[in-house]
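First residue of the sequence shown? That's 118 in the working numbering, and the numbers climb one at a time after it.
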Amino acid sequence: MSAFFSSKHTSLVPYVPGEQLNDKKYIKLNTNESPFPPSPGVLEAVSGEASRLMLYPDPDCKPLLSALSKVYGVDESCIVVTNGSDEILNFAFLAFCDDEHPVAFANHTYGFYKVFAGLYNLPYEEIPLTEDFRIRVEDYIGINKNIFIANPNAPTGIALPLSDIERIVASNSDNVVVIDEAYVDFGGESAVGLINKYKNLLVTQTFSKSRSLAGGRLGMGFASPELIADINTLRYSTNPYNINRLTMAAGVAALEEDGYYKDNCKKIIDSREYTTDALRKLGFDVLESSTNFVFAKCDRIDGGELYARLRERGILIRHFTKPSIEQYNRITVGTKEQMEALISNVKEILEEK
Numbered sequence: 118m119s120a121f122f123s124s125k126h127t128s129l130v131p132y133v134p135g136e137q138l139n140d141k142k143y144i145k146l147n148t149n150e151s152p153f154p155p156s157p158g159v160l161e162a163v164s165g166e167a168s169r170l171m172l173y174p175d176p177d178c179k180p181l182l183s184a185l186s187k188v189y190g191v192d193e194s195c196i197v198v199t200n201g202s203d204e205i206l207n208f209a210f211l212a213f214c215d216d217e218h219p220v221a222f223a224n225h226t227y228g229f230y231k232v233f234a235g236l237y238n239l240p241y242e243e244i245p246l247t248e249d250f251r252i253r254v255e256d257y258i259g260i261n262k263n264i265f266i267a268n269p270n271a272p273t274g275i276a277l278p279l280s281d282i283e284r285i286v287a288s289n290s291d292n293v294v295v296i297d298e299a300y301v302d303f304g305g306e307s308a309v310g311l312i313n314k315y316k317n318l319l320v321t322q323t324f325s326k327s328r329s330l331a332g333g334r335l336g337m338g339f340a341s342p343e344l345i346a347d348i349n350t351l352r353y354s355t356n357p358y359n360i361n362r363l364t365m366a367a368g369v370a371a372l373e374e375d376g377y378y379k380d381n382c383k384k385i386i387d388s389r390e391y392t393t394d395a396l397r398k399l400g401f402d403v404l405e406s407s408t409n410f411v412f413a414k415c416d417r418i419d420g421g422e423l424y425a426r427l428r429e430r431g432i433l434i435r436h437f438t439k440p441s442i443e444q445y446n447r448i449t450v451g452t453k454e455q456m457e458a459l460i461s462n463v464k465e466i467l468e469e470k
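Given below as structure tokens:
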């Protein structure tokens, strides 16, 4: 830390991304990326747009908004696109939260919520999950705080039904409720259809997971025109060219080839069920997942040790050090072949024990 770093940030604990290692070839099951490449149309669109990189991109993102409007059945005035879904989450904390509008989120959820609360020095509450790692809906009813819920949740993978989401949104009409749907395409129920009914609802999604564009950094938000206007005020005040030409072209092409990505989601869901069943047969406790990952522990081996042993064998998974979840590991669901390799190596590690 330099002598020039503002004292208001000295206590800030930054978000820690998953490992991105290049010292050897790994089977990467640690950052919830898609194991499948972008569709052919995306590669063609990006290549075609590369010759125009000397020009600024459209700050209004008209082609992308139009494509999203068609796929999701939402008016363009109800959509904003951002540099990954992290950017719209950042905008939401900045736009709607302050000392008079504190924040609430689960104690085990996406780590960036706590980081953003700390970055803006916001009062916040971490609401405990139940003993079986579920969100207790009653804990969020009428709490008079801005609420951030990842649905399905991460790192647990558990989803709330849409009826519970609606109960939470309806009971907090004087506060903004943000539903982070990064993993919704793998088995969750989307709340996008509720934005016309509830003016306090903001739904965020991403192209990183189900649409194979983690490296493209593209996210989007759906809400009433008024909430979208608030977010755009901040977007145009910070980075009006937040979506570059290549990413915008990739996003439009991905939406035009939506069937390719839906097929890939089905493959991932099948691999998830295979992995869940195989791990349970080895003695693992695996939470029910509606995402492209599973959250699992085994009494036969320490969670940190399993992570380290797999890492030595060239397989990366995600380990968390919070005491209440330190025995669990989050395992991204890759291709069937990748998951077979994981199970084979886990079995060997357990046999060595």
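We treat Cβ as the ideally placed atom computed from N, Cα and C, and that holds for glycine.
- Message: Contact between the stretch 153-161 and the stretch 319-331 is defined here as three or more beta-carbon pairs at a separation below 8 angstroms; is this criterion met?
- Response: yes
Do you know whose CA, among P278, A340, R251 and T323, lies nearest V293's CA?
Position 176 of the sequence shown, counting from 1, holds the residue named residue 293. Comparing Cα positions, the closest option is A340.
Alpha carbon of N361 to alpha carbon of Y173, nearest angstrom: One-based indexing of the sequence shown puts residue 361 at position 244. One-based indexing of the sequence shown puts residue 173 at position 56. Straight-line Cα distance between these residues: approximately 8 angstroms.
Length of the line joining the Cα atoms of K384 and T408: Position 267 of the sequence shown, counted from the first residue, corresponds to residue 384. Position 291 of the sequence shown, counted from the first residue, corresponds to residue 408. C-alpha separation (whole angstroms): 12 angstroms.
ask   = For Q322, does the count of other Cβ atoms within 10 angstroms reach 16, so buried, or fall short, so exposed?
value = Your numbering for residue 322 matches position 205 in the sequence shown. With 16 or more other Cβ atoms within 10 Å, it is buried.
Runs of 4 residues minimum, wholly inside the stretch 306-387: which ones carry the alpha helix (DSSP H) assignment? 342-355 and 362-373
Taking 7 angstroms as the line, does the beta carbon of I386 fall inside it for any heavy atom of the ligand SAH? The model on display carries no ligand, and the ligand SAH is accordingly not part of it.
key: Per DSSP, the bridge partner or partners of N263   = For the purposes of this step, residue 263 is taken as residue 146 along the sequence shown, with counting starting at 1. According to DSSP, which records beta bridges pairwise, N263 is partnered with V220.
Could you check if R397 is buried or exposed, using at least 16 other CB atoms within 10 Å of its CB as the buried criterion? The count along the sequence shown starts at 1 and reaches residue 397 at position 280. Exposed, by the Cβ-count rule.
* Asked: Quick check: the stretch 220-238 against the stretch 275-287, are there 3 or more CB pairs under 8 angstroms?
  -> no
Between R428 and G135, which are expected to be in contact by the criterion C-beta below 8 angstroms, what is the C-beta distance as a whole number of angstroms? Residue mapping note: residue 428 aligns to position 311 of the sequence shown, counting from 1. Residue mapping note: residue 135 aligns to position 18 of the sequence shown, counting from 1. Contact doesn't hold; Cβ gap of about 12 angstroms is too wide.
inquiry  = Quick check on T247: does DSSP put it in helix, strand or coil?
reply    = Position 130 of the sequence shown holds residue 247. The answer is coil: DSSP assigns T247 none of H, G, I, E or B.
Can we say the stretch 284-300 touches the stretch 260-271, given the rule of at least three CB pairs closer than 8 angstroms? yes
Mapping the DSSP letters down to three states, classify L138 as helix, strand or coil.
Locating residue 138 in the sequence shown gives position 21, where the first residue counts as 1. Coil.
Checklist entry - Taking C-alpha atoms, which residue in E469, D347 and A308 lies nearest to V191? => result Residue mapping note: residue 191 aligns to position 74 of the sequence shown, counting from 1. Nearest of E469, D347 and A308 to V191, Cα basis: A308.
Taking the beta carbon of T350 as the centre, do at least 16 other beta carbons fall within 10 Å, making it buried, or is it exposed?
Position 233 of the sequence shown, counted from the start, is the residue given in the question as residue 350. Looking at its Cβ environment, which holds fewer than 16 other Cβ atoms inside 10 Å, T350 is exposed.
According to DSSP, simplified to helix, strand and coil, what is P415? By 1-based counting over the sequence shown, the position of residue 415 is 298. Here residue 415 turns out to be Cys, not Pro, going by the sequence shown. Residue state, collapsed to three classes: strand.
As assigned by DSSP and simplified to three states, the class of H436
For the purposes of this step, residue 436 is taken as residue 319 along the sequence shown, with counting starting at 1. Of the three classes helix, strand and coil, the one that applies to H436 here is strand, per DSSP.
Original post:
Between which two residues does the beta strand (DSSP E) carrying T462 extend?
Top reply: For this step, residue 462 is matched to residue 345 along the sequence shown. Correcting the residue type first, residue 462 is Asn in the shown sequence and not Thr. Element bounds for N462: not the beta strand (DSSP E) but the alpha helix (DSSP H), K453 to E469.
Proximity below 8 angstroms, CB of A370 to CB of A167
The residue given as residue 370 occupies position 253 in the sequence shown. The residue given as residue 167 occupies position 50 in the sequence shown. Taking 8 angstroms as the Cβ cut-off, A370 and A167 do not qualify as a contacting pair.
| message | Tell me the residue span of the alpha helix (DSSP H) that contains F208. | response | Position 91 of the sequence shown, counted from the start, is the residue given in the question as residue 208. Where F208 is concerned, the enclosing alpha helix (DSSP H) stretches over G201 to F213.
So, with DSSP's three-state summary, where would you put D177? Locating residue 177 in the sequence shown gives position 60, counting from the first residue. If DSSP states are grouped into helix, strand and coil, D177 belongs with coil.
Out of F208, I348, I345 and R334, point me to the one whose CA is closest to L363's CA.
Taking the sequence shown and counting its residues from 1, the one referred to as residue 363 is at position 246. Closest option to L363, Cα to Cα, is R334.
With distances taken from CA atoms, which of I418, E248 and N238 is nearest E468? If you number the sequence shown from 1, residue 468 lands on position 351. The residue with the shortest Cα to Cα distance from E468 is I418.
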